[in-house]
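Numbering (the numbering used here), first residue to last: 8 to 440.
Next comes the structure, spelled out in structure tokens:
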């Protein structure tokens, strides 16, 4: 890193004695002045809170301490203890990844698209994997509830880190206090996204996502799956990240764990096959996966395309809400401005939630066998009674099953057996005649 010019240091010193120390991490005078202003505002807020408790605070000493921490390269968000994520102030602390504005832009855009849909169910279920500070569930709820009071949100945030989950619970309490009552519920839980639920479990290790959902008696089916997973390859970690990121932010949240058979690129992409598999298992209608850049976005989009279960796949850039015309990359539409940031997939009614044309025609039996897509995507949800393992079907579900049998039956074939592998994968014989 080049040294700060002496002339700039002198100019900064004439403005404020604290400014020269901030030039090293900020690199320019304007940014350093902004950061010093934020640090002073933070000190005033701390002093006010202390006075309310009858305590005194040496504001000058505290400001000097914070400036020295920042001068050593500690991220400003850790120094101040928070970061704005959209309109929400999210608490931050070392050991948990700092929320980024690019992520906020994608989440805000998705929430606004979904909340404008006219065919939402009474409850929309959202699963956020690798939740970190909990910023994604909280911002989605904030943006959605601003316009839709008629729809409940059921949101679960999953992470492997106890420190992250503790911070997520704190942010949930902080952002609910003083706000108007919100419909639905938000929870956070510990699970390992990479662990196969059908593989051998390691004693003491976090459970797979499916097991945690079952244990808490949460639904096995979710409408929207969102994830900002670790996606930086080992080489990119050293080449593209800032020194302060490498020094202070958790590598666990940035770089996937090493695997002996994976090359550098494969390690960076490690989470996406599992995330897409979970999306299939929970029958998500909309999937949003954050990525590092356009090259990784194209790899993930091709991976999703090979599954042949989605009706549409597109890529969003850093700012997907701009009105610019989409471009095309390798056959995928790319929306917004900036770098490639997210891969968005949808199927069934999820397309209409994103403003896409919804094809209500069911797939044929041949299509169902080859692509695993059928009227399953549009059927009402079946709920499992976890205490009795008994499958309960409401009248609408029974009617939909009967309708699907009729649509797939050939003329003159008589009565037809029909079993949905997606809904009866738990071994139930219900639904066959």
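No residue lacks a Cβ here, since even glycine has one placed at the ideal position from N, Cα and C.
Can you tell me which of the three DSSP states residue 194 falls into?
When secondary structure is reduced to three states using DSSP, residue 194 falls in the strand class.
DSSP-derived helix/strand/coil call for residue 98:
For residue 98, the secondary structure class from DSSP, reduced to helix, strand or coil, is strand.
Just the C-alpha distance for residue 328 and residue 261, rounded to the nearest angstrom, thanks.
So the alpha carbons of these two residues sit roughly 26 Å apart.
Name the residue from 174, 357, 235 whose alpha carbon lies nearest to the alpha carbon of residue 195.
Distances from the alpha-carbon of residue 195 to those of 174, 357, 235 put 174 closest.
Name, in chain order, the residues that DSSP records as bridge partners for residue 353.
Answer by DSSP bridge pairing, in chain order: 293, 319.
Kindly list the residues whose CB is nearer than 8 Å to the CB of residue 26, restricted to its own chain and excluding five residues on each side of it in sequence; keep chain order.
Same-chain partners within the cutoff: 19, 20, 36, 39, 40, 43.
Completely contained alpha helix (DSSP H) runs for the stretch 199–230, where each covers 4 or more residues
As far as the stretch 199–230 is concerned, its whole alpha helix (DSSP H) runs of at least 4 residues are 216–222.
Find out if the Cβ-Cβ distance for the pair residue 137, residue 200 is shorter than 8 Å.
Contact: yes.
First and last residue of the alpha helix (DSSP H) that includes residue 86?
83–87 is the extent of the alpha helix (DSSP H) around residue 86.
Where in the stretch 253–300 do unbroken runs of the beta strand (DSSP E), each at least 3 residues long, occur, reported from the N-terminal end onward?
Counting whole runs of 3 or more residues, the stretch 253–300 contains the beta strand (DSSP E) stretches 293–297.
I'd like the list of long-range same chain contacts for residue 124, defined as Cβ closer than 7 Å, with 5 residues on each side in sequence excluded.
Answer for residue 124: 359, 360, listed in chain order.
Apply the 10 Å Cβ neighbour rule to residue 205 and answer buried if 16 or more other Cβ atoms are within range, or exposed otherwise.
Answer is exposed; the Cβ neighbour count stays below 16.
Segment limits, beta strand (DSSP E) that includes residue 143:
Segment 142–152 is the alpha helix (DSSP H) holding residue 143; no beta strand (DSSP E) there.
Would DSSP call residue 63 helix, strand or coil?
Looking at residue 63 - three-state DSSP - the assignment turns out to be coil, as it is neither helix nor strand.
Select from 47, 229, 258 the residue whose C-alpha is nearest the C-alpha of residue 354.
The alpha carbon of residue 354 has as its nearest neighbour, out of 47, 229, 258, the alpha carbon of 229.
Over what stretch of residues does the alpha helix (DSSP H) that includes residue 335 continue unbroken?
Here residue 335 belongs to no alpha helix (DSSP H); instead the beta strand (DSSP E) covers 334–336.
Whole-angstrom distance between residue 283 and residue 268, CA atom to CA atom:
Each residue's alpha carbon lies about 21 Å from the other.
How about the stretch 309–327 and the stretch 241–256: do they share at least three Cβ pairs that are nearer than 8 Å?
At 8 Å Cβ cutoff, the stretches do not touch.
Just mark residue 357 as buried or exposed, buried being the case when its beta carbon has 16 or more other beta carbons within 10 Å.
Counting every other CB atom within 10 Å of its CB across the protein chains shown gives residue 357 a total of 16 or more, marking it as buried.
Any contact between the stretch 96–108 and the stretch 157–164? By contact I mean 3 or more CB pairs, one from each, below 8 Å.
Verdict: no, contact absent.
Counting C-beta neighbours from all protein chains within 10 Å, is the total for residue 209 16 or more, i.e. buried, or is it exposed?
Residue environment for residue 209: exposed (fewer than 16 other C-beta atoms within 10 angstroms of its C-beta).
Ordered along the chain, which non-local residues of its own chain (more than five positions away) have a Cβ less than 8 Å from that of residue 344?
For residue 344, where only same-chain residues beyond five positions count, the Cβ hits under 8 Å are 324, 325, 326, 329, 331.
Boundaries (first-last residue) of the beta strand (DSSP E) holding residue 159
Counting along the chain, the beta strand (DSSP E) containing residue 159 begins and ends at 159–166.
Residue 103 - containing beta strand (DSSP E), residue span:
Residue 103 -> no beta strand (DSSP E), and no H or E assigned at all.
Assign residue 290 to buried or exposed, taking buried as 16 or more other Cβ atoms, counted over all protein chains shown, within 10 Å of its Cβ.
Counting the other CB atoms within 10 Å of its CB gives residue 290 a total of 16 or more, which places it among the buried residues.
Cβ pair count under 8 Å reaching 3, the stretch 241–248 against the stretch 72–82
No: the two stretches stay apart, fewer than three of their Cβ pairs being nearer than 8 Å.
Can you name the residues that DSSP bridges to residue 324?
DSSP lists 347 as partners of residue 324.
DSSP state of residue 132, grouped into three classes?
Under the three-state reduction of DSSP output, residue 132 falls in the strand class.
Cβ-Cβ distance between residue 191 and residue 130 below 8 Å
The beta carbons of residue 191 and residue 130 sit closer together than 8 Å.
Using the Cβ count rule (16 or more neighbours within 10 Å means buried), how would you classify residue 85?
Counting Cβ neighbours within 10 Å, residue 85 comes out buried, since at least 16 surround it.
Residues near residue 188 by beta carbon distance below 6 Å, same chain, minus five either side:
Because the pLDDT of residue 188 is 47, which lies under 50, any placement of that residue in the model is unreliable, and the number read from its coordinates should be weighed accordingly. Taking C-beta separations shorter than 6 Å and ignoring five residues to either side along the sequence, residue 188 has no partners in its chain.
Distance, Cα to Cα, residue 217 vs residue 300?
In this structure, the straight-line span from the alpha carbon of residue 217 to that of residue 300 is close to 29 Å.
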